[in-house]
Amino acid sequence: MFLKINTMKHAKSTPDPKVEELIARIKLRTQNLFLTKQLMCAEAVLTVMNQGLGGGLPPEMAVRLTSGLPEGVGGSGCTCGSLTGGVMALGLFLGRSGPGLRNGKPVMFNAKVLHGQFKDRFGATCCRILTKDLKWGSKDHFQQCSLRAGFSAEMSARLILQKKPELIHQADRSYLDQQDSKFAAGLKKIANTIRR
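Note that the UniProt record's numbering has the sequence shown beginning at 1, numbered continuously upward.
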């Protein structure tokens, strides 16, 4: 069964400055984690949404859950990891809590909205198509994919906060305000390697 929706039907009201500020922080933190090569696209989106909005997953679990999604699901070039990470974030906050077909409507509806927004913005949802003109691993590749990751985090956050505005009060702003340099990110990677 397909849900028929119009992704543009949501009327624009006066945006709440606190919500807009929080969404901007989520977007920037997601892009920072990707650009500093600490996390891949899907990992960055779910990790920031989880930690930033209090999703309750241990940080390493958010990474584990999404680690097979980058590069279009395991490098296959299919659905963009930024989009799938956003859908997972929607599931974390809006997903079903148990059996029953009816209780999945909010997450299904919002996942379809996110998919439509992503496709409208970038022209495709397939990683292979989105990156066809980019040299893999190049600066341009990371720049373009960071824009997609940031967009997915931004739109996911917007959809989640529309349904659960109370999350704004539990947001971890100190986490969201972190912006690592490439040098600092490198030091974190070394420290994590030593700990293992």
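Positions of the beta carbon are idealized from the N, C-alpha and C atoms, including for glycine.
Keep in mind it's a predicted model, so treat the numbers as computed, not measured.
- Comparing alpha carbon positions, the residue from Ala149, Ser82, Leu35, Gly54 closest to Ala184 is Leu35.
- One Cα belongs to Glu71, the other to Asp177, and the distance between them is close to 27 Å.
- In the DSSP annotation of this structure, the continuous segment of the alpha helix (DSSP H) that includes Val19 starts and ends at 17 to 35.
- Contact annotation, Gln51 with Asp180: C-beta distance approximately 14 Å; criterion of less than 8 Å not satisfied.
- Counting only residues of its own chain and dropping the five nearest sequence neighbours on each side, Lys164 has a CB closer than 7 Å to the CB of Phe93.
- Here Gln117 is buried: its Cβ has 16 or more other Cβ atoms, across all protein chains shown, within 10 Å.
- Shown here, Thr79 sits in a strand according to DSSP, grouped into three states.
- Beyond the five residues adjoining it in sequence on each side, Lys27 comes within less than 8 Å, by CB distance, of Gly150, Phe151, Ala153, Glu154, Ala157 in the same chain, given in chain order.
- For Ala153, the enclosing alpha helix (DSSP H) has its first and last residue at 139 to 163.
- Asp120: member of the alpha helix (DSSP H) spanning 105 to 122, first to last residue.
- Boundaries of the alpha helix (DSSP H) around Met61: 59 to 66.
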